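Shown next, in structure tokens, is the structure this report addresses.
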Amino acid sequence: MAYKVLIVEDSATMRQLIGFALKRIQGVQITEAQDGMDGLKKISSDKFDLALIDINMPLLDGLKLVKLIRSDPRCKDIPIAMITTEGAREDRERALQLGANEYLTKPIQQVEVARVARTLLGIG
Amino acid sequence: MDKPDRPEDRQSIASRAEEFLQVFKRGAEFTQELLRENERLRYRLVQLEERLREAEKSPVTGGDDHLLLRIRDLENERHHLLNKFKEVEAENKDFANRYLEIEEENNNLANLYVASYQLHSTLDFREVMQIILEIVINLIGAEEFGILLLDEKTNELRAVATEGIHQEGIPAVRLGEGTIGRAAKDGTNHFAAKILHEGPIDPVDPMVCIPLKIKEHVIGVIAIYRLLQQKEKFTPLDLELFTLLAGHAATATFASKLYSESERKLSTIQGFIELLTK
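Taken in sequence, the protein lines are chains A and B.
Just so you know, we're using the numbering used here here: the first sequence kicks off at 811 and counts up by one.
Just so you know, we're using the numbering used here here: the second sequence kicks off at 268 and counts up by one.
Printed below as a string of structure tokens:
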């Protein structure tokens, strides 16, 4: 079975690193978006099984993107995990309140990213 | 009492006496028999008590030895299996620990690979600076830091890229002076004893200084002032990343600077040639 995962992250380093973590899961197909607007465009035009979204991004930040995704009937049910440098409790609560399903802080651990992705994809 | 006169009466009395005698005789015999039986049972009881006492003194004898041996064998087998189980359990724990170590190693290698790959993915100086910033933020977990390059003409280190702090906020530092200058001069990493998460920072006294070196030639320094809130301490991976940054970031920076200069010179020469050939 193929799982389509969207990575919305402005740092190429992080996109590559998250991609590495997701390659541990069989059948994952990765699409990358370089900023929030790019992410919105891609998520509106295709069907994804999971989105991993950074918070601090140019053009459209991750929290606004989550809000837009949750209000769009075409993609409102997609599982979302935030991956961010913002480690404060209030940031986490805000993201979860807006509709994120998981909240990971940087620096990331590959195993943790893969675990969260597996859970949100419903494969254990 | 009247005497029996008639011979019939005398005979009847004699026969009745005989009957009584027989009954008494049988009673005596029965009593004798009971006494014998009693004797026999008492003897049997004494025998049994004797055997019981002997049995109590040595509980297993004769054919029971086989059972005892079997029980001992089973006990030995049980001990053996318990030991084997403990060995397997220890082995499992060892495997689990090794799995975690391998996972950590994988994680570290992926980080180092990505950092190295990204650093050498471009010859554009600005992009190289951006990649160093990304590595220090995302892979190490620094919140406020700067990249200072050495100007060999003035022997001063100047901030060329920063994160979480204004570039102008970091003053130029002379080689050998202060924490930054000394780290650059000696080419050795500097780590403060305490990790800073709160409070004001001192731009000339960073928490961490990583000299960027090509072999022993220092071209600059990464100065870290503050870590992300969730970053509590440096890990072995961070030290590996610092080592990688010291070498790869230096060569990537140096190469991109040379490339930018050569590109600039090339376009100047091309301009001259175009002027001359027109």
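In this text, a Cβ means the ideal position worked out from N, Cα and C, and glycines have one as well.
Note that the coordinates shown come from a computational prediction; the quantities given were computed from them, not determined experimentally.
Pick from the options that is closest to residue i, judged by C-alpha positions
i      : options                        : result
L415/B : V427/B, A517/B, Q496/B         : V427/B
P478/B : A519/B, K452/B, P467/B, V471/B : K452/B
E483/B : N456/B, D472/B, N343/B, I540/B : N456/B
G932/A : T915/A, K916/A, N911/A         : N911/A
I890/A : Q826/A, T929/A, Q836/A         : T929/A
N866/A : N405/B, K324/B, N422/B         : N405/B
T429/B : I398/B, R320/B, G413/B         : G413/B
R559/B : L319/B, L379/B, Y380/B, D391/B : Residue 559/B lies beyond the stretch modelled for chain B, which goes from 268 to 545, so this question has no answer here.
E423/B : V485/B, L348/B, E317/B, N373/B : V485/B
V440/B : I468/B, A450/B, I432/B         : A450/B
L906/A : G872/A, V838/A, D820/A, Q826/A : G872/A
K464/B : E411/B, L312/B, R283/B         : Checking the sequence, you will find His at residue 464/B rather than Lys. For the residues E411/B, L312/B, R283/B, the minimum Cα distance to H464/B belongs to E411/B.
L827/A : K874/A, P917/A, K877/A         : P917/A
L386/B : A490/B, L400/B, L315/B, N374/B : L400/B
P438/B : A490/B, I398/B, S388/B         : A490/B
K461/B : G448/B, P470/B, V475/B, V471/B : V475/B
Q397/B : L315/B, A519/B, I536/B, P470/B : A519/B
G443/B : V471/B, G431/B, H433/B         : V471/B
V876/A : D856/A, A898/A, R904/A         : R904/A
R821/A : V395/B, Q497/B, T544/B         : Note on residue identity: the sequence assigns Ser, not Arg, to residue 821/A. It is V395/B.
N374/B : F352/B, P503/B, A522/B, K545/B : P503/B
D864/A : V921/A, E922/A, E896/A         : E896/A
Residue-level contact to chain C via CB, residue i, 8 angstroms cutoff
i      : result
T915/A : Here chain C cannot be found, since the structure's protein chains are A and B.
Close Cβ partners of residue i (< 8 angstroms) along its chain, the five nearest in sequence each way excluded
i      : result
S383/B : L511, H515
I888/A : I853, F858, D859, L860, A861, I879
M268/B : Annotation note: pLDDT 47 at M268/B (below 50); position unreliable, no value reported.
A513/B : N456, I477, P478, L479, K480
G884/A : The amino acid at residue 884/A is misidentified as Gly; the sequence shows Arg. Excluding positions up to five away in sequence, the list reads S854.
A927/A : V815, A831, L832, I835, V838, L860, L862, A891
T924/A : One detail in the question is off: residue 924/A reads as Ala in this sequence, not Thr. For A924/A, where only same-chain residues beyond five positions count, the Cβ hits under 8 angstroms are A831, L832, R834, I835.
T823/A : none
S534/B : none
L908/A : L873, V876, K877, R880
DSSP bridge partner residues for residue i (one or two, in chain order)
i      : result
T929/A : According to DSSP, T929/A bridges with nothing at all.
V815/A : I840/A, L860/A
Three-state secondary structure (DSSP) of residue i
i      : result
H333/B : helix
F858/A : coil
E430/B : strand
E410/B : strand
R425/B : strand
T895/A : coil
T535/B : helix
I918/A : coil
L288/B : helix
E912/A : strand
L417/B : strand
L390/B : coil
R277/B : helix
S821/A : coil
K261/B : Because chain B spans 268 through 545 in this model, residue 261/B falls outside it and cannot be assessed.
K545/B : coil
G934/A : coil
M268/B : Low confidence applies to M268/B: its pLDDT is 47, below 50, so where it sits in the model is not reliable, and the reading given next is rough at best. In the structure shown, M268/B sits in coil (DSSP, three-state: anything other than H, G, I, E or B).
Close Cβ partners of residue i (< 7 angstroms) along its chain, the five nearest in sequence each way excluded
i      : result
I840/A : V815, I817, G829, L832
I549/B : This structure cannot settle anything about residue 549/B, because the visible part of chain B is limited to 268 through 545.
K524/B : F392
I468/B : E411, Y492, R493
S527/B : F392
D418/B : R425
N364/B : none
Cutoff 6 angstroms; reference residue i; Cβ partners in own chain excluding five residues on either side
i      : result
E286/B : none
L870/A : G846, M847
A843/A : V818, G849, K852
V403/B : A409, F412
S529/B : none
A459/B : M474
G431/B : E410, E411
Length-filtered (3 minimum) beta strand (DSSP E) runs lying within the segment 824-892 of chain A: Counting only runs of 3 or more residues that sit fully inside the segment 824-892 of chain A, the beta strand (DSSP E) segments are 838-843, 860-863, in chain order.
Could you pull out every unbroken beta strand (DSSP E) segment of at least 3 residues lying fully inside the segment 436-505 of chain B, listed in chain order? Runs of the beta strand (DSSP E) inside the segment 436-505 of chain B: 475-481, 484-494.
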